[in-house]
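Reading through the structure tokens given below for one structure.
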Amino acid sequence: DTGVSQNPRHKITKRGQNVTFRCDPISEHNRLYWYRQTLGQGPEFLTYFQNEAQLEKSRLLSDRFSAERPKGSFSTLEIQRTEQGDSAMYLCASSPQGGLASGRSDTQYFGPGTRLTVL
Amino acid sequence: AQSVTQLGSHVSVSEGALVLLRCNYSSSVPPYLFWYVQYPNQGLQLLLKYTSAATLVKGINGFEAEFKKSETSFHLTKPSAHMSDAAEYFCAVSGTGNQFYFGTGTSLTVIP
Chain F
4 DTGVSQNPRH KITKRGQNVT FRCDPISEHN RLYWYRQTLG QGPEFLTYFQ
54 NEAQLEKSRL LSDRFSAERP KGSFSTLEIQ RTEQGDSAMY LCASSPQGGL
104 ASGRSDTQYF GPGTRLTVL
Chain Z
1076 AQSVTQLGSH VSVSEGALVL LRCNYSSSVP PYLFWYVQYP NQGLQLLLKY
1126 TSAATLVKGI NGFEAEFKKS ETSFHLTKPS AHMSDAAEYF CAVSGTGNQF
1176 YFGTGTSLTV IP
């Protein structure tokens, strides 16, 4: 399967602990996105990488959140000192080089997500 | 700025009936519009997209959507609902940045 993969699929942690999620995009895709989805809501943008460069960050991405994509392939999203409000599904998506002629994003391909529960 | 509004958080149809899921957008630039489907505990799967070509777009599983600039709409339709269509559907707009802006979703229930 050459789709987007995410690990772990589920994570339960206690408030105050640190957690790290991993995303492996489709291999030829140079763009990678992180979204957060809470119950009854659509995905909300967190951050975007083009290759290893983090080009956009949402104001939703507080100081406790950090994302990396060190070699332009897989990415990690770390949440420090987790809070109950961090409980959500964290989705990763990737898209290919170039996108549409306008330079805007074309189709984003989503992974299955990591569901985080903070107790 | 870009945003989408999905009217109706829950829609129920009988098996074999028409499916109509509504999406209205707001965009400061000509929009690119997408419909995704999400099954329980899974990621989002692309159904179809509009990127300034034909205004009537056909997607997978018999779904289609029509871009209407005058109405700022991109409603999703399917002539005959199947039980397997029961899922959450999200409309999204791609604007001037690289992110997508998603609606709050519409949960489709298909009644046998």
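So the protein lines, in turn, are chains F and Z. Just so you know, we're using the numbering used here here: the first sequence kicks off at 4 and counts up by one. Just so you know, we're using the numbering used here here: the second sequence kicks off at 1076 and counts up by one. C-beta atoms are modelled at their ideal positions from N, C-alpha and C, and glycine is treated no differently.
Contact with chain Z by residue i, beta-carbon distance below 8 Å
i                 : result
Gln20 of chain F  : no
Pro115 of chain F : yes
Phe48 of chain F  : yes
Thr79 of chain F  : no
Glu59 of chain F  : yes
Leu63 of chain F  : no
Thr110 of chain F : yes
Arg25 of chain F  : no
Leu94 of chain F  : yes
Gly75 of chain F  : no
Exposed unless 16 or more other CB atoms sit within 10 angstroms - verdict on residue i
i                  : result
Ile15 of chain F   : exposed
Lys1133 of chain Z : exposed
Leu1122 of chain Z : buried
Asn21 of chain F   : exposed
His13 of chain F   : exposed
Tyr1107 of chain Z : buried
Asn1173 of chain Z : buried
Val1079 of chain Z : buried
Ser1087 of chain Z : exposed
Ser97 of chain F   : buried
Pro1115 of chain Z : exposed
Leu63 of chain F   : exposed
Ile1135 of chain Z : exposed
Helix, strand or coil at residue i according to DSSP, with G and I counted as helix
i                  : result
Asn10 of chain F   : strand
Gln1174 of chain Z : coil
Ser69 of chain F   : strand
Ile1186 of chain Z : strand
Asp109 of chain F  : coil
Ile82 of chain F   : strand
Ser1159 of chain Z : helix
Gln40 of chain F   : strand
Gln1077 of chain Z : coil
Gln1113 of chain Z : strand
Any chain F beta carbon closer than 8 Å to residue i
i                  : result
Leu1122 of chain Z : no
Asn1188 of chain Z : Outside the shown range of chain Z, which is 1076 to 1187, sits residue 1188 of chain Z, and nothing can be said about it.
Leu1119 of chain Z : yes
Phe1138 of chain Z : no
Phe1149 of chain Z : no
Thr1152 of chain Z : no
Gly1178 of chain Z : yes
Gln1077 of chain Z : no
Phe1142 of chain Z : no
Sequence-distant residues of its chain with Cβ nearer than 7 Å to residue i (five each side left out)
i                  : result
Glu86 of chain F   : Arg18 and Val121
Ser1102 of chain Z : Gln1077, Val1168 and Gly1170
Ser8 of chain F    : Asp27 and Gly114
Gly1083 of chain Z : Arg1097 and Thr1181
Thr1130 of chain Z : Glu1141 and Phe1142
Residues near residue i in its chain [Cβ-Cβ closer than 6 Å; skip 5 each side]
i                  : result
His1085 of chain Z : Ser1182
Asn10 of chain F   : Arg25
Gly6 of chain F    : none
Thr41 of chain F   : Ala91
Lys1153 of chain Z : Val1094, Gly1137 and Phe1138
Asn54 of chain F   : Asn33 and Gly75
Glu1163 of chain Z : Gln1113, Gly1180 and Ser1182
Arg84 of chain F   : Gly19 and Arg67
Beta-carbon contacts of residue i that lie in its chain and below 8 Å, excluding the five residues immediately before and after
i                 : result
Thr110 of chain F : Ser98
Segment contact, 8 Å Cβ cut-off, at least three pairs: the region 31-48 of chain F with the region 1090-1101 of chain Z: no
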